[in-house]
Amino acid sequence: MDCIFCKIINGEFNTEFVYENEHVVVFKDIHPKAPVHLLVVPKVHTASLNELEDKSLMGELLQAVKDVTKKIGLKSYRVQINTGKEAGQEVFHLHLHVLGA
Ligand code: AMP
Ligand code: ZN
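What follows is the structure in structure tokens.
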């Protein structure tokens, strides 16, 4: 499968992970739209929120948002999930944008 986020997760680009656990990795967006712009990405390939069936993974993703923002001391932020091409989704591997000051 030709998925850029799967390749990042597999370490093919030596991307630095800001945070990692059993279920997710977090790395900086390459084109930041805010002073802090992180991507929280599940290790299991899922094309978008529409394909996500594992409810527990939703909890893991939001818990990872809490954990990584606590780790870097970011108290104020927005979380965004672009779902579908018309909504601006470019990478079809589910990810949460974390946008903070
Ligand atoms: P979306 O539009 O929600 O699919 O967001 C995809 C995001 O992935 C965009 O904000 C891109 O800047 C970001 N992105 C694409 N390739 C990379 C990469 N190699 N490393 C980090 N972020 C990336
Ligand atoms: Zn993938």
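16 is the number of the first residue of the sequence shown in this note's numbering; add one for each residue after it. Cβ atoms here follow ideal geometry from the backbone N, Cα and C, with glycine treated the same way. Predicted model, so just to flag it, every value in this text is computed and none were measured.
Cβ neighbour criterion (16 or more within 10 Å) applied to residue i
{"i": "Ala116", "result": "exposed"}
{"i": "Pro57", "result": "buried"}
{"i": "Leu77", "result": "exposed"}
{"i": "Phe28", "result": "exposed"}
{"i": "Ile24", "result": "buried"}
{"i": "His118", "result": "The chain is shown only over 16 to 116; residue 118 falls outside these bounds and no answer can be derived."}
DSSP beta-bridge partners of residue i
{"i": "Pro57", "result": "Val39"}
{"i": "His52", "result": "Leu114"}
Host alpha helix (DSSP H) of residue i (start-end)
{"i": "Phe20", "result": "19 to 24"}
| query | Mind pulling the beta strand (DSSP E) runs of 3 or more residues that sit fully within the segment 74 to 116? | reply | 92 to 95, 111 to 115
| message | I want to know whether the segment 93 to 101 touches the segment 61 to 73 - three or more CB-CB distances under 8 Å. | response | yes
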